[in-house]
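Working notes, beginning with the structure itself.
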Amino acid sequence: MLGFRRYIVIFPLCVSMAFLLASCNQSKQSQCQRLIELVNKQNELVQKNKGTKADTTLQLASDLDKVTKDMADTKFGDPQLTAFQSRLAQSSQTISQEIIKAGNALSSATTAEITPAGRTKVETAKKDIEAALKNAAVAAKQSDDIAQEVNQYCKKPES
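Here the sequence shown stands for residues 33 to 191, numbered as in my numbering.
Right, here's the structure in full:
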């Protein structure tokens, strides 16, 4: 009878340990899902916050920085996903920096006076905005390419 009671305690303990160990070792699919969710969150921010105001643009950059930090802080057990994560975070950081440049240039243009010097300020701001948005578009294309690589990798069965 004493042996049976001991098994009543040991069996649930073993089952609990097995579940704990299984939950600590995340599957490739769950890790892929976390990375894809972060990428989607960034895309949603960009789609939702397209604007022509400097403060909206700078807020978008700030929000993107937060998501980029979340992405960089997320730990992945899969080395390939860690490599994707690093590349995506770098690309996202570039996008954010270029959006900040565009926002600052836009702010500069909106405060320009109606004078020859103000006109020069607006023209310079226009060039800065165009350059920043071009660089952001290049980084966004890289991010899209990496996201496609992630999708292809995540479709492969675990080995």
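All residues carry an ideal CB built from backbone N, CA and C; glycine is no exception. Note that the coordinates shown come from a computational prediction; the quantities given were computed from them, not determined experimentally.
Apart from the five residues on each side of it in sequence, which residues of its chain come closer than 6 Å, Cβ to Cβ, to K153?
-> A144
Member of L138, V170, N167 whose CA lies at the smallest distance from the CA of E155 | Per the Cα distances, L138.
Which whole-angstrom value is the C-beta distance of L77 and D95, which I expect to be below 8 Å?
-> 5 Å
Three-state secondary structure assigned by DSSP to G35 = Confidence is the limiting factor: at G35 the pLDDT is only 46, short of 50, which leaves the residue's position unreliable, though a coordinate-based value still follows. In the structure shown, G35 adopts helical secondary structure according to DSSP, grouped into three states.
Touching by the beta-carbon criterion (3+ pairs, under 8 Å), the stretch 110 to 119 and the stretch 157 to 164 | Proximity of the stretch 110 to 119 to the stretch 157 to 164 falls short of the contact definition, fewer than three beta-carbon pairs being nearer than 8 Å.
For the candidate residues K173, M103, G135, whose alpha-carbon lies nearest to that of A227?
-> Shown here, the chain extends from 33 to 191; a query on residue 227 therefore has no answer.
Close Cβ partners of I178 (< 8 Å) along its chain, the five nearest in sequence each way excluded | F116, R119, L120, S123
By DSSP, does Q117 sit in helix, in strand, or in coil?
-> Under the three-state reduction of DSSP output, Q117 falls in the helix class.
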